[in-house]
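For reference, the structure discussed in these notes is given below.
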Amino acid sequence: MTTPRLTHRRGRLVAAVSGLAVTAVTVALALPAAAAGSTLQAAASESGRYFGTAIAASRLSDGTYSSIANREFNMITAENEMKMDATEPNQNQFSYGNGDRIVSWARSNGKQVRGHALAWHSQQPGWMQNMSGSSLRNAMLNHVTQVATHYKGQVYAWDVVNEAFADGSSGGRRDSNLQRTGNDWIEAAFRAARAADPGAKLCYNDYNTDNWSHAKTQGVYNMVRDFKARGVPIDCVGFQAHFNSGNPVPSNYDVTLRNFAALGVDVQITELDIEGSGSSQAQQYQGVVQACLSVSRCTGITVWGVRDSDSWRASGTPLLFDGSGNKKAAYTSVLNQLNAGGTTTPTSNPTSNPTSNPTPSPTTTTPPTSGGSCTATYSEGQKWNDRFNGTVTIRANTNISSWQSTVTVRSPQKIIATWNGSPTWDSSGNVMTMRPSGSGALSAGQTTSFGFTVQHGGNWTWPSLTCTAS
Ligand code: XIL
Numbered sequence: 002m003t004t005p006r007l008t009h010r011r012g013r014l015v016a017a018v019s020g021l022a023v024t025a026v027t028v029a030l031a032l033p034a035a036a037a038g039s040t041l042q043a044a045a046s047e048s049g050r051y052f053g054t055a056i057a058a059s060r061l062s063d064g065t066y067s068s069i070a071n072r073e074f075n076m077i078t079a080e081n082e083m084k085m086d087a088t089e090p091n092q093n094q095f096s097y098g099n100g101d102r103i104v105s106w107a108r109s110n111g112k113q114v115r116g117h118a119l120a121w122h123s124q125q126p127g128w129m130q131n132m133s134g135s136s137l138r139n140a141m142l143n144h145v146t147q148v149a150t151h152y153k154g155q156v157y158a159w160d161v162v163n164e165a166f167a168d169g170s171s172g173g174r175r176d177s178n179l180q181r182t183g184n185d186w187i188e189a190a191f192r193a194a195r196a197a198d199p200g201a202k203l204c205y206n207d208y209n210t211d212n213w214s215h216a217k218t219q220g221v222y223n224m225v226r227d228f229k230a231r232g233v234p235i236d237c238v239g240f241q242a243h244f245n246s247g248n249p250v251p252s253n254y255d256v257t258l259r260n261f262a263a264l265g266v267d268v269q270i271t272e273l274d275i276e277g278s279g280s281s282q283a284q285q286y287q288g289v290v291q292a293c294l295s296v297s298r299c300t301g302i303t304v305w306g307v308r309d310s311d312s313w314r315a316s317g318t319p320l321l322f323d324g325s326g327n328k329k330a331a332y333t334s335v336l337n338q339l340n341a342g343g344t345t346t347p348t349s350n351p352t353s354n355p356t357s358n359p360t361p362s363p364t365t366t367t368p369p370t371s372g373g374s375c376t377a378t379y380s381e382g383q384k385w386n387d388r389f390n391g392t393v394t395i396r397a398n399t400n401i402s403s404w405q406s407t408v409t410v411r412s413p414q415k416i417i418a419t420w421n422g423s424p425t426w427d428s429s430g431n432v433m434t435m436r437p438s439g440s441g442a443l444s445a446g447q448t449t450s451f452g453f454t455v456q457h458g459g460n461w462t463w464p465s466l467t468c469t470a471s
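All the letters of the sequence shown, read from the start, carry residue numbers 2 to 471 under the working numbering.
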């Protein structure tokens with residue numbers, strides 16, 4: 002890895018404004034004591050993380066491209082060159098030219114490599130697409146073995162299996178020729194990869210697995226938990242993180258990363274891009290960095306390309322550099338967040354969860370008010386070793402034009418995510434007031450509900466509730 006060259010900005014700035022004594026003192030005091038990283042890789046290295054990009058072999062001859070890539074990033078993923086169609090265009094004839102070009106560029110510049118991807122339903126060579134049954138299973142295993150052996154010792158982590166889960170509400174596997182060879186195809190691929198390159202970390206990589214409450218996220222989580230329980234060799238989970246307005250960065254991203262990490266795997270953001278521009282794009286990028294920094298086992302972030310014009314979704318301008326190679330607002334927000342660091346919550350080991358609440362507190366309250374009356378009822382949701390979900394159902398006892406409900410948790414509990422409402426918080430952080438995000442009008446007997454996640458810190462007590470109607 003490149004040793005980060007740190008810029009001592011404090012010294013430079015003080016010198017630059019030394020003619021203006023008062024200002025100089027103010028500026029110097031406002032600066033952080035530690036030197037800040039002036040590139041993404043240097044800033045990420047401050048917390049022991051990497052910052053990577055996808056590289057296309059065909060663009061390495063573009064000087065602007067390769068100089069930005071070399072300056073800013075210290076983890077390299079081949080955008081297409083190590084995929085199945087590229088590396089085995091004819092069965093048992095392997096083709097490593099472009100993949101090798103990227104690996105040797107990376108390594109000669111002191112960078113590490115993420116291998117992408119050994120087994121996937123997409124970008125299969127033509128000969129494989131129509132195969133099935135044991136011949137396909139064997140061809141897949143041979144591919145994993147050959148490619149992982151070729152790159153043995155040169156790859157930090159492999160995406161062994163990519164995108165094997167279905168979108169939508171099923172939480173199950175995606176149908177594919179590989180899946181039809183039997184549900185154990187994923188673990189077979191991981192075992193073959195471990196045998197071929199015992200030094201590489203082995204990852205499962207997917208998209209739409211960022212929001213903790215999505216079925217697909219839960220499906221992958223359950224698979225990883227099962228693999229760890231049965232000793233299937235898996236070391237990491239990659240979150241592709243392709244975001245746009247229809248699929249924004251979820252507010253519970255850190256929850257997702259932390260829960261996966263608690264299974265005993267590293268987590269990595271592997272293909273980050275966020276469509277948009279300006280400050281809204283910058284803020285979303287900042288949120289992703291913050292989520293990763295808050296999880297000690299989130300070991301690095303890779304963006305899926307260098308400039309907007311290099312992106313597979315170029316029209317969405319989703320990257321950190323514009324088409325001319327200028328740093329965008331998103332770049333600055335990522336760099337600043339990396340330099341600011343984050344509160345890292347150490348990953349706890351999974352413990353068994355109680356099946357019911359040990360000390361239930363009252364579940365309903367109905368303070369009558371002049372404007373109308375409502376009842377708030379608490380119901381338990383999912384529970385994990387470090388957090389639980391709750392739902393509050395608001396019932397209108399009379400016709401009401403709006404409502405608000407307070408949810409009080411007890412220290413060390415903390416509400417870390419909410420949905421279906423607009424929350425505000427008191428200064429202690431223990432009392433959340435939830436208001437409807439749209440109209441709060443309900444006629445007598447009607448109900449609505451909102452939900453939240455409580456990080457419990459060992460205290461499983463139910464929150465207490467109030468409901469006020471107007
Ligand atoms: C994309 C590449 O960026 C494109 O150049 C190619 O045409 C299609 O694949 N998930 C993945 C990546 O795991 O391999 C995909 O990369 C983007 C989605």
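By construction, the Cβ of each residue, glycine as well, lies at the ideal position given by its N, Cα and C atoms.
Note that this is a predicted model, so its numbers are computed, not measured.
Cα-Cα separation between residue i and residue j, rounded to whole angstroms
i           : j           : result
residue 124 : residue 409 : 51 angstroms
residue 278 : residue 268 : 27 angstroms
residue 322 : residue 452 : 38 angstroms
residue 96  : residue 385 : 46 angstroms
residue 177 : residue 67  : 36 angstroms
residue 110 : residue 55  : 15 angstroms
residue 212 : residue 93  : 39 angstroms
residue 191 : residue 329 : 38 angstroms
residue 249 : residue 242 : 9 angstroms
residue 69  : residue 462 : 52 angstroms
residue 303 : residue 132 : 33 angstroms
residue 468 : residue 417 : 21 angstroms
residue 53  : residue 78  : 7 angstroms
residue 413 : residue 447 : 34 angstroms
residue 234 : residue 261 : 15 angstroms
residue 464 : residue 245 : 35 angstroms
residue 455 : residue 104 : 44 angstroms
residue 98  : residue 89  : 11 angstroms
residue 338 : residue 320 : 16 angstroms
residue 382 : residue 393 : 10 angstroms
residue 335 : residue 42  : 11 angstroms
residue 142 : residue 431 : 52 angstroms
Check: residue i C-beta below 7 angstroms from any heavy atom of the ligand XIL
i           : result
residue 122 : no
Anticipated Cβ contact below 8 angstroms, residue i with residue j, distance rounded
i           : j           : result
residue 76  : residue 115 : 6 angstroms
residue 470 : residue 420 : So it is not a contact: roughly 21 angstroms between Cβ atoms.
residue 45  : residue 301 : 7 angstroms
residue 396 : residue 425 : Rounded, the Cβ-Cβ distance is 22 angstroms, inconsistent with contact.
residue 270 : residue 286 : So it is not a contact: roughly 11 angstroms between Cβ atoms.
residue 40  : residue 72  : 6 angstroms
residue 266 : residue 299 : Their Cβ separation, rounded to whole angstroms, is 11 angstroms, which puts residue 266 and residue 299 out of contact at 8 angstroms.
residue 165 : residue 187 : 6 angstroms
residue 85  : residue 117 : Contact doesn't hold; Cβ gap of about 11 angstroms is too wide.
residue 406 : residue 442 : 15 angstroms between Cβ atoms; not a contact.
Residue i, buried or exposed, once every other Cβ within 10 Å from all chains shown has been counted against 16
i           : result
residue 1   : Outside the shown range of the chain (2 to 471) lies residue 1, about which nothing can therefore be said.
residue 445 : exposed
residue 121 : buried
residue 108 : exposed
residue 387 : buried
residue 112 : buried
residue 473 : What the structure shows of the chain is the stretch from 2 to 471, and residue 473 is not part of that stretch, so it cannot be assessed.
residue 30  : Since pLDDT at residue 30 reaches only 40, below the 50 mark, its modelled position is unreliable, and the value read off the structure follows with that caveat. The residue is exposed, with fewer than 16 neighbouring Cβ atoms inside 10 Å.
residue 50  : buried
residue 230 : exposed
residue 171 : exposed
residue 150 : exposed
residue 423 : exposed
residue 199 : exposed
residue 91  : exposed
residue 438 : exposed
residue 317 : buried
residue 327 : exposed
residue 223 : exposed
Below-8 angstroms beta-carbon distance, residue i vs any chain C residue
i           : result
residue 430 : In summary, chain C is missing from the structure at hand, where a single protein chain is found.
>> I need the residues with a C-beta less than 7 angstroms from some heavy atom of the ligand XIL; please give them in chain order.
In response: 55, 80, 81, 84, 117, 118, 124, 163, 164, 206, 208, 241, 243, 272, 305, 313
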